[in-house]
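Novice:
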Amino acid sequence: MTLFFAWHLKDIKIAFGGGDIVPPNHPYVKLTDKMVETFGGEHLVEIAVQVKQGDVLDPVNLAKIHRIDQKLREMQGVVTSKILSVASRKFSRVNFSYDELGYSSLHFDKYQDIVGRITAGDTKEAAAFREEVLNNDMVYGSIVSPDRKRTLILAGFRFEEDYRYIFETIQKIVSEERDANTEFFVAGRPIMLGYIDSAFRGILAVFGIAVLVMVVTLYLDFRTVRGVLLPLSAGLIGVIWGLGFMAFLGHKIDVLAVTIPFLLVALAHGHSVQILSRYYYEFAAGRNREEAAVESMVGLLKPMTTSIFADAVGLFVLIFLPFKSIQSMALVGTAGIVAIYIGCFIFIPVALALLPPMKKQSVEREERWFGPFFERLAAFSLDKGKWPILGLTGVILVIALVGAFKVQVGELQAGSPDFWPNSSYNKAEKVVGEMTGGNLYWINVEGDRTGALYDAKVIQDVNALQRHLEERPEVGYSISYVDALKKVNAAMHENDPRWEILPTDSAMAGEFIGMIGGSEGYDETKDMFTKDYRAGTIAVFLKDRKPDTLRNVIADTREFLKKNQTSPARFEFPGGLAGIYAAINDEIERNEFLSVAIVVVVCLLLTVLAFKSVLAALIIFVPLLIGKAITMAFMGYGGIGFFIYTLPVVTLGFGLGIDFSLYILARLKEEISESGDFVTGYIKALGTSGRAVLFTGLTMTGGLITLCLSEMRFQAILGSMLSVVVMANTIIALLFFPVFLSVLKPKFLFKKED
Numbered sequence: 001m002t003l004f005f006a007w008h009l010k011d012i013k014i015a016f017g018g019g020d021i022v023p024p025n026h027p028y029v030k031l032t033d034k035m036v037e038t039f040g041g042e043h044l045v046e047i048a049v050q051v052k053q054g055d056v057l058d059p060v061n062l063a064k065i066h067r068i069d070q071k072l073r074e075m076q077g078v079v080t081s082k083i084l085s086v087a088s089r090k091f092s093r094v095n096f097s098y099d100e101l102g103y104s105s106l107h108f109d110k111y112q113d114i115v116g117r118i119t120a121g122d123t124k125e126a127a128a129f130r131e132e133v134l135n136n137d138m139v140y141g142s143i144v145s146p147d148r149k150r151t152l153i154l155a156g157f158r159f160e161e162d163y164r165y166i167f168e169t170i171q172k173i174v175s176e177e178r179d180a181n182t183e184f185f186v187a188g189r190p191i192m193l194g195y196i197d198s199a200f201r202g203i204l205a206v207f208g209i210a211v212l213v214m215v216v217t218l219y220l221d222f223r224t225v226r227g228v229l230l231p232l233s234a235g236l237i238g239v240i241w242g243l244g245f246m247a248f249l250g251h252k253i254d255v256l257a258v259t260i261p262f263l264l265v266a267l268a269h270g271h272s273v274q275i276l277s278r279y280y281y282e283f284a285a286g287r288n289r290e291e292a293a294v295e296s297m298v299g300l301l302k303p304m305t306t307s308i309f310a311d312a313v314g315l316f317v318l319i320f321l322p323f324k325s326i327q328s329m330a331l332v333g334t335a336g337i338v339a340i341y342i343g344c345f346i347f348i349p350v351a352l353a354l355l356p357p358m359k360k361q362s363v364e365r366e367e368r369w370f371g372p373f374f375e376r377l378a379a380f381s382l383d384k385g386k387w388p389i390l391g392l393t394g395v396i397l398v399i400a401l402v403g404a405f406k407v408q409v410g411e412l413q414a415g416s417p418d419f420w421p422n423s424s425y426n427k428a429e430k431v432v433g434e435m436t437g438g439n440l441y442w443i444n445v446e447g448d449r450t451g452a453l454y455d456a457k458v459i460q461d462v463n464a465l466q467r468h469l470e471e472r473p474e475v476g477y478s479i480s481y482v483d484a485l486k487k488v489n490a491a492m493h494e495n496d497p498r499w500e501i502l503p504t505d506s507a508m509a510g511e512f513i514g515m516i517g518g519s520e521g522y523d524e525t526k527d528m529f530t531k532d533y534r535a536g537t538i539a540v541f542l543k544d545r546k547p548d549t550l551r552n553v554i555a556d557t558r559e560f561l562k563k564n565q566t567s568p569a570r571f572e573f574p575g576g577l578a579g580i581y582a583a584i585n586d587e588i589e590r591n592e593f594l595s596v597a598i599v600v601v602v603c604l605l606l607t608v609l610a611f612k613s614v615l616a617a618l619i620i621f622v623p624l625l626i627g628k629a630i631t632m633a634f635m636g637y638g639g640i641g642f643f644i645y646t647l648p649v650v651t652l653g654f655g656l657g658i659d660f661s662l663y664i665l666a667r668l669k670e671e672i673s674e675s676g677d678f679v680t681g682y683i684k685a686l687g688t689s690g691r692a693v694l695f696t697g698l699t700m701t702g703g704l705i706t707l708c709l710s711e712m713r714f715q716a717i718l719g720s721m722l723s724v725v726v727m728a729n730t731i732i733a734l735l736f737f738p739v740f741l742s743v744l745k746p747k748f749l750f751k752k753e754d
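Numbering-wise, the sequence shown is residues 1 to 754 according to the UniProt record's numbering.
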């Protein structure tokens with residue numbers, strides 16, 4: 001089987017597309033898909049231009065913006081109506097005139113054409129254009145910063161899958177314009193995916209470091225070649241099965257699932273330490289290699305089977321969540337954990353039985369170094385340390401619960417959760433956020449008839465909602481067809497700014513909209529309204545996509561329309577990137593409790609089956625709860641929210657959390673049932689299994705913590721959280737759990753084994 005899956009590794013493919021984190025059946029996602037199909041692509045790229053000397057309206061800087069605008073229009077997959085800049089066709093200087101017969105007409109002088117004349121040397125036009133921009137509230141203060149040191153270029157693309165082409169092409173475009181006076185900050189989802197693609201190549205080096213750390217830990221523990229190579233082999237089997245299984249099914253491995261090999265190797269090494277330690281113990285007791293291998297399997301059958309199956313359930317339950325990336329992670333992890341069970345419980349004992357007997361000094365060293373330490377720890381825990389340990393655990397639990405209640409659903413970092421705050425990408429997002437914001441909050445306005453957008457009441461509703469949202473501190477910029485109506489109305493009155501108001505007559509509004517559509521062409525107005533003027537959009541740009549921002553803006557929009565809407569038009573929201581993130585948060589909030597409940601119930605049932613005692617399951621639940629509270633506190637105090645990359649920790653944490661206590665409980669029951677005395681059994685159990693639990697925790701933590709070296713923040717957070725889960729449960733299993741059992745002294749511990 002391992003060779004079969006290894007053969008299929010040649011077909012493995014990595015998926016970087018953002019669609020894998022999108023819940024496809026959520027109403028917000030369906031709305032976004034509908035609006036993309038109707039109004040054009042919503043995969044935005046934002047380019048912030050910043051100058052040191054002069055301002056962005058100087059001819060030399062306008063020339064740069066003009067060239068960038070032209071090159072963007074030549075790119076494959078670009079939606080030209082989504083290109084927005086101070087040198088684009090999106091903005092016009094509107095002039096009203098009469099012909100020789102006395103007929104009135106409007107002339108739309110595109111900013112693109114005006115800037116073209118300026119770059120050709122028209123100094124008079126340069127002065128007039130500066131005045132035009134400073135008096136255009138659709139541009140000045142948003143697209144152009146108030147100090148005129150920054151300006152923004154927006155471009156929309158049809159296909160996110162072209163991210164590599166978009167990333168490389170735009171980086172080349174801005175690099176050609178960058179100089180000592182001009183800096184560029186490029187953000188947007190296609191750019192973010194390009195950075196992820198670049199950073200991903202370094203994950204192999206991090207994986208190598210993780211393996212090296214675990215090798216060193218294993219060698220320090222066993223000081224034998226077999227003590228290193230056998231766990232490595234078990235881990236390798238798990239990785240090959242997990243990744244090969246996905247390749248065999250024809251699934252792409254999501255970038256989030258790439259962290260699974262770290263977890264599989266860490267789990268394999270952790271459980272390998274248990275089987276190897278037990279083998280050392282049995283061999284030291286005078287058994288030959290075959291007998292020691294068999295006794296190791298018999299002794300660890302219940303705890304290892306229960307804990308590994310709990311780990312598998314902790315990952316498999318994620319397959320029911322509506323995120324392809326999480327489902328990919330669940331499939332890879334579950335297949336790998338099944339292989340780990342085979343590797344640790346069958347392959348390693350068989351290999352130990354076949355390998356030459358260990359040297360006597362290796363066994364004696366284990367007994368001499370670690371046995372006495374854990375026996376003294378056990379004696380201390382039962383005597384002077386009992387109540388201080390329980391008291392300290394209680395204090396830690398209270399502090400942890402306070403932190404746990406601080407956890408929020410959603411990503412709490414202002415920029416991209418994939419990168420650190422000081423990364424190049426998040427610096428760019430910060431600059432964009434300070435200007436207009438780069439998170440599209442799309443509102444679909446739709447009537448029940450052709451020309452519904454002409455209705456004066458619809459126009460008033462759109463304008464009122466847009467102006468209301470602009471007053472919110474989370475909003476950086478907004479644009480809709482009513483903004484163009486005001487400009488046309490003013491132009492009809494010789495550009496008198498006092499007439500920059502909305503038409504109150506539906507017939508006049510229809511005439512104005514017809515002028516806009518006729519002069520601009522459908523390709524340039526497609527993002528504002530449909531050909532039949534039945535539906536239109538309000539594009540609002542948010543400065544961040546934090547859960548509170550999304551929740552408050554959506555609630556405010558709903559409340560405002562409920563109180564103030566006068567037209568029969570349908571206002572559908574939220575679409576765009578803001579809608580997608582709101583959908584993700586909504587699905588996490590809806591499914592997280594059920595996923596955790598399933599894992600907890602399964603873990604408890606497995607414990608009942610293993611120990612034939614409901615009380616055993618309830619006792620195991622206590623350290624499980626404490627460990628989970630500590631993990632949640634780490635999130636709460638660390639400002640880490642429930643999001644795509646933390647979901648696996650929440651469910652898998654229960655599986656990992658139960659491992660260590662199960663090994664202690666099984667060994668304790670084995671020793672007490674033989675001796676009939678709790679104190680004797682407790683000291684002996686901790687003296688033999690305590691070392692295995694400690695090195696299991698150290699080995700797993702050593703491998704997982706290396707993820708903190710990754711350029712990608714979500715991988716580092718995943719690694720640090722799993723490390724907290726492992727170490728917290730290791731300490732709980734070694735200190736609190738035995739003391740807790742010594743207080744309860746449950747009867748099932750004294751029953752003889754079958």
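Where is the CB? At the ideal position from N, CA and C, for every residue including glycine.
Under three-state DSSP, which class holds valine 445?
Specialist: As a first step, residue 445 must be located in the sequence shown, where it is residue number 445. The answer is strand: DSSP assigns valine 445 an E or B state.
Novice: Report, in whole angstroms, the separation of the C-beta atoms of lysine 251 and leucine 218, which I expect to be a contact under 8 Å.
Specialist: What you label residue 251 is simply residue 251 of the sequence shown in a count that begins at 1. What you label residue 218 is simply residue 218 of the sequence shown in a count that begins at 1. For the sequence presented, residue 251 should be read as histidine rather than lysine. Contact between histidine 251 and leucine 218 is absent: CB atoms are separated by about 32 Å, not below the 8 Å threshold.
Novice: Once DSSP output is grouped into helix, strand and coil, what is the label at methionine 138?
Specialist: To locate residue 138, count along the sequence shown from 1; it is residue 138. Of the three classes helix, strand and coil, the one that applies to methionine 138 here is coil, per DSSP.
Novice: If you check the beta carbons only, do glycine 437 and lysine 543 fall under 8 Å apart?
Specialist: Indexing the sequence shown from 1 puts residue 437 at position 437. Indexing the sequence shown from 1 puts residue 543 at position 543. Cβ atoms of glycine 437 and lysine 543: closer than 8 Å.
Novice: Quick test of your reading: threonine 525 and serine 85, contact by CB under 8 Å. State the CB separation rounded to the nearest angstrom.
Specialist: By 1-based counting over the sequence shown, the position of residue 525 is 525. By 1-based counting over the sequence shown, the position of residue 85 is 85. Wrong, their Cβ atoms sit about 17 Å apart, outside the cutoff.
Novice: Label glutamine 274 either buried or exposed according to how many other C-beta atoms from any shown protein chain fall within 10 Å of its C-beta, with 16 as the threshold for buried.
Specialist: Counting from 1 along the sequence shown, the entry for residue 274 is found at position 274. Burial of glutamine 274 is indicated by the presence of at least 16 other C-beta atoms within 10 angstroms of its C-beta.
Novice: Who are the near neighbours of threonine 182 in its chain, counting only those whose CB is closer than 6 Å to its CB and skipping five residues on each side?
Specialist: Counting from one through the sequence shown, the residue named residue 182 turns up at place 182. If we look at threonine 182 and ignore the five residues flanking it on each side, its Cβ neighbours are Val51.
Novice: State the DSSP-derived secondary structure class of phenylalanine 91, mapped to helix, strand or coil.
Specialist: Stepping through the sequence shown from its first residue, residue 91 is reached at position 91. Coil at phenylalanine 91, not helix or strand.
Novice: Thinking C-beta only, is valine 475 closer than 8 Å to leucine 469?
Specialist: By 1-based counting over the sequence shown, the position of residue 469 is 469. By 1-based counting over the sequence shown, the position of residue 475 is 475. Cβ distance < 8 Å, so leucine 469 and valine 475 count as in contact.
Novice: With H, G and I counted as helix, E and B as strand and the rest as coil, what does DSSP make of threonine 151?
Specialist: As a first step, residue 151 is located in the sequence shown; it is residue number 151 there, counting from the start. In the structure shown, threonine 151 sits in a strand (DSSP, three-state: E or B).
Novice: Go ahead and label methionine 1 buried or exposed: buried means 16 or more other beta carbons lie within 10 angstroms of its beta carbon, across all protein chains shown.
Specialist: Locating residue 1 in the sequence shown gives position 1, counting from the first residue. It is exposed - the Cβ of methionine 1 has fewer than 16 other Cβ atoms within 10 Å.
Novice: Helix, strand or coil: which one does DSSP assign to histidine 251?
Specialist: Within the sequence shown, the letter at position 251 stands for residue 251. Coil at histidine 251, not helix or strand.
Novice: Under a Cβ-count criterion, where at least 16 other Cβ atoms within 10 Å of its own Cβ denotes burial, should histidine 493 be classed as buried or exposed?
Specialist: Counting from 1 along the sequence shown, the entry for residue 493 is found at position 493. Histidine 493 is exposed by the Cβ-count criterion.
Novice: If you measure between the beta carbons of glycine 238 and leucine 264, is that distance less than 8 Å?
Specialist: Position 238 of the sequence shown, counted from the first residue, corresponds to residue 238. Position 264 of the sequence shown, counted from the first residue, corresponds to residue 264. A contact, by the Cβ cut-off of 8 Å.
Novice: Based on the DSSP output, what are the partners of tyrosine 477 in its beta bridges?
Specialist: In the sequence shown, the residue the question calls residue 477 occupies position 477. Per DSSP, the beta bridge partners of tyrosine 477 are Phe541.
Novice: Since phenylalanine 737 and serine 673 should fall inside the 8 Å C-beta cutoff, what is the C-beta to C-beta distance between them, to a whole number of angstroms?
Specialist: As a working mapping, residue 737 is identified with position 737 in the sequence shown. As a working mapping, residue 673 is identified with position 673 in the sequence shown. Their Cβ separation, rounded to whole angstroms, is 18 Å, which puts phenylalanine 737 and serine 673 out of contact at 8 Å.
Novice: For leucine 453 versus tyrosine 481, is the C-beta spacing smaller than 8 Å?
Specialist: Taking the sequence shown and counting its residues from 1, one reaches residue 453 at position 453. Taking the sequence shown and counting its residues from 1, one reaches residue 481 at position 481. Between leucine 453 and tyrosine 481, the CB-CB gap stays under 8 Å.
Novice: Using three-state DSSP, classify residue 755 as helix, strand or coil.
Specialist: Nothing about residue 755 can be reported from this structure: the residues present for the chain run from 1 to 754 only.
Novice: Find the nearest neighbour of phenylalanine 167 within the set Leu390, Leu609 and Gln76, judged by alpha-carbon distance.
Specialist: Translated into the one-based positions of the sequence shown, residue 167 becomes position 167. Ranking Leu390, Leu609 and Gln76 by Cα distance to phenylalanine 167 puts Gln76 first.
Novice: Quick one, which of Val79, His107 and Asp20 has its alpha-carbon nearest phenylalanine 512's?
Specialist: As a first step, residue 512 is located in the sequence shown; it is residue number 512 there, counting from the start. Check the Cα spacing between phenylalanine 512 and each of Val79, His107 and Asp20: the tightest is with His107.
Novice: May I have the straight-line CA-CA distance separating arginine 691 from glycine 227, to the nearest angstrom?
Specialist: As a first step, residue 691 must be located in the sequence shown, where it is residue number 691. As a first step, residue 227 must be located in the sequence shown, where it is residue number 227. Roughly 15 Å between the two C-alpha positions.
Novice: Verify whether the separation of the beta carbon atoms of proline 190 and valine 45 is less than 8 Å.
Specialist: The count along the sequence shown starts at 1 and reaches residue 190 at position 190. The count along the sequence shown starts at 1 and reaches residue 45 at position 45. Result yes, Cβ atoms of proline 190 and valine 45 sit closer than 8 Å.
Novice: Taking C-beta to C-beta, are threonine 537 and methionine 35 nearer than 8 Å?
Specialist: Locating residue 537 in the sequence shown gives position 537, counting from the first residue. Locating residue 35 in the sequence shown gives position 35, counting from the first residue. Contact: yes.
Novice: Check whether the Cβ atoms of serine 328 and aspartate 254 lie closer than 8 Å to each other.
Specialist: Here the question's residue 328 lines up with position 328 in the sequence shown. Here the question's residue 254 lines up with position 254 in the sequence shown. Against a cut-off of 8 Å, the Cβ pair of aspartate 254 and serine 328 comes out as a contact.
Novice: To the nearest angstrom, report how far apart valine 726 and alanine 733 are at their CA atoms.
Specialist: Stepping through the sequence shown from its first residue, residue 726 is reached at position 726. Stepping through the sequence shown from its first residue, residue 733 is reached at position 733. One C-alpha to the other measures close to 10 Å.
Novice: Specify the secondary structure class of glutamine 565 as computed by DSSP and reduced to three states.
Specialist: Indexing the sequence shown from 1 puts residue 565 at position 565. Correct three-state label for glutamine 565: coil.
Novice: Three-state secondary structure (DSSP) at glutamine 76?
Specialist: Position 76 of the sequence shown holds residue 76. Correct three-state label for glutamine 76: coil.
Novice: Do you know offhand how far phenylalanine 185's Cα is from isoleucine 47's?
Specialist: Sequence index remark: in the sequence shown, residue 185 carries index 185 (1-based). Sequence index remark: in the sequence shown, residue 47 carries index 47 (1-based). Approximately 6 Å, taken between the alpha carbons.
Novice: What distance in whole Å lies between the Cβ atoms of alanine 247 and histidine 8, which are believed to be in contact at a cut-off of 8 Å?
Specialist: Indexing the sequence shown from 1 puts residue 8 at position 8. Indexing the sequence shown from 1 puts residue 247 at position 247. With a beta-carbon spacing of about 4 Å, histidine 8 and alanine 247 fall inside the 8 Å limit used to define contacts.
Novice: If contact is defined by three or more beta carbon pairs under 8 Å, each pair taking one atom from either stretch, is the region 645-660 in contact with the region 286-293?
Specialist: no
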